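The structure under discussion appears below in the form of structure tokens.
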Amino acid sequence: MTQGHVRGRAPVARVLKDSRPRAAAPAQSACQPACLVAYGLGRGWVIFSGTPGAPARLGRARGERTWQRKRPILWRPPRGVPCPYKKESVCISSGNKIWTLKFSQDIAHKTPLVLLHGFGGGVGLWALNFGDLCENRPVYALDLLGFGRSSRPPFGSDAVEAEDQFVDTIEEWRCALSLDAVILLGHNLGGFLAAAYSLKYPSRVKHLILVEPWGFPERPDNADQDRPIPVWIKALGAVLTPFNPLAGLRIAGPFGLSLVQRLRPDFKRKYASMFEDDTVTEYIYHCNVQTPSGETAFRNMTIPYGWAKRPMLLRIGYPWCGTLCVC
0 MTQGHVRGRA
10 PVARVLKDSR
20 PRAAAPAQSA
30 CQPACLVAYG
40 LGRGWVIFSG
50 TPGAPARLGR
60 ARGERTWQRK
70 RPILWRPPRG
80 VPCPYKKESV
90 CISSGNKIWT
100 LKFSQDIAHK
110 TPLVLLHGFG
120 GGVGLWALNF
130 GDLCENRPVY
140 ALDLLGFGRS
150 SRPPFGSDAV
160 EAEDQFVDTI
170 EEWRCALSLD
180 AVILLGHNLG
190 GFLAAAYSLK
200 YPSRVKHLIL
210 VEPWGFPERP
220 DNADQDRPIP
230 VWIKALGAVL
240 TPFNPLAGLR
250 IAGPFGLSLV
260 QRLRPDFKRK
270 YASMFEDDTV
280 TEYIYHCNVQ
290 TPSGETAFRN
300 MTIPYGWAKR
310 PMLLRIGYPW
320 CGTLCVC
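All residue numbers for the sequence shown refer to numbering that gives the first Met the number 0, where the first residue is 0 and numbers rise by one.
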């Protein structure tokens, strides 16, 4: 009988204990690989056995792969942003943190502008806008809870609960920074959450600016008739329904970055005046290869195919007409 076998049983894996001392695995947060301060992400990473965001020792035991920094990533101030800035993780309840960039803090008498990014994004995607936006007033850009460098806690499975969790963390963030009132500028999912925040805390919002907001129209009853969906797409959608929207990116493992580069070459072109390499594509990849916390919340807020369970146009009243700008 060979070693590792028991008569009448399948082979049993044998665990050997290495007597050599091992260096302690570095502490990792759920969003560690997305640790670009805003823009210079992607340099100094190496693939090793493990899972994204998981402790190295667990990854080695499971034989999976992940990313780990092999040297610190240095902050590179983007060209075209001459104003002063600060960066910090703002602490809120339950031990969570909201990653924040603050610009033009010397203009204290102006109402600050708060930027809320879209689905799958982060503060880095506002890079081309900071220079113009912060000329006349303070500007704050934050990673929404569950995205970017912010904490990635579990969200409620109910659409109302998930939305309230997003909105309440924005309010906690505002209170932590002692901001009396703000101007909200939201893009995509950020536009939906900016509107939801304005409905719940109207006294805290001076103006609301929405750029291509998601989740406003109601899903029409004849949506499938106006735009017929092939049967194979419906079948694929039914199979993928239990999964998060960007699950394929994580399933691709080390090939995920190439997948983003192939599917979204527009990112590199859009930021060509600021970066000549794939910095922005790498930023998007690392932001979304982590624990899909906010991504799961977004999925719980949607119905096929990409419509909001609680469409915003049914909830916004006429008082907002004078302060709402939709781009």
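Yeah, the Cβ is synthetic: ideal placement off N, Cα and C, and Gly gets one too.
Keep in mind the model is a prediction, meaning the values are calculated, not measured.
- The alpha-carbon separation between residue 248 and residue 180 amounts to approximately 38 Å.
- For residue 99, the secondary structure class from DSSP, reduced to helix, strand or coil, is strand.
- Here the C-alpha atom of residue 91 lies approximately 43 Å from the C-alpha atom of residue 221.
- In this structure, residue 203 lies away from residue 171, with their beta-carbon atoms at least 9 Å apart.
- The beta carbons of residue 184 and residue 127 sit no closer together than 9 Å.
- Contact check for residue 98 against residue 147 passes: the beta carbons are separated by less than 9 Å.
- The DSSP assignment places complete alpha helix (DSSP H) segments of no fewer than 4 residues inside the region 267-297 at 278-287, in order along the chain.
- Straight-line measurement puts the Cα of residue 286 at about 11 Å from the Cα of residue 245.
- A straight line joining the alpha-carbon of residue 193 with that of residue 83 spans about 26 Å.
- The DSSP assignment places 138-141 as complete runs of the beta strand (DSSP E) inside the region 119-143, in order along the chain (cut-off: 3 residues).
- With fewer than 16 neighbouring CB atoms inside 10 Å of its own CB, residue 107 falls in the exposed class.
- Under the criterion of beta carbons closer than 8 Å, residue 312 and residue 201 do not qualify as touching, at roughly 17 Å.
- Beta bridge pairing from DSSP links residue 302 with 306.
- The secondary-structure analysis by DSSP pairs residue 114 across a beta bridge with 140 and 184.
- Nearest C-alpha to residue 186 among 309, 294 and 210: 210.
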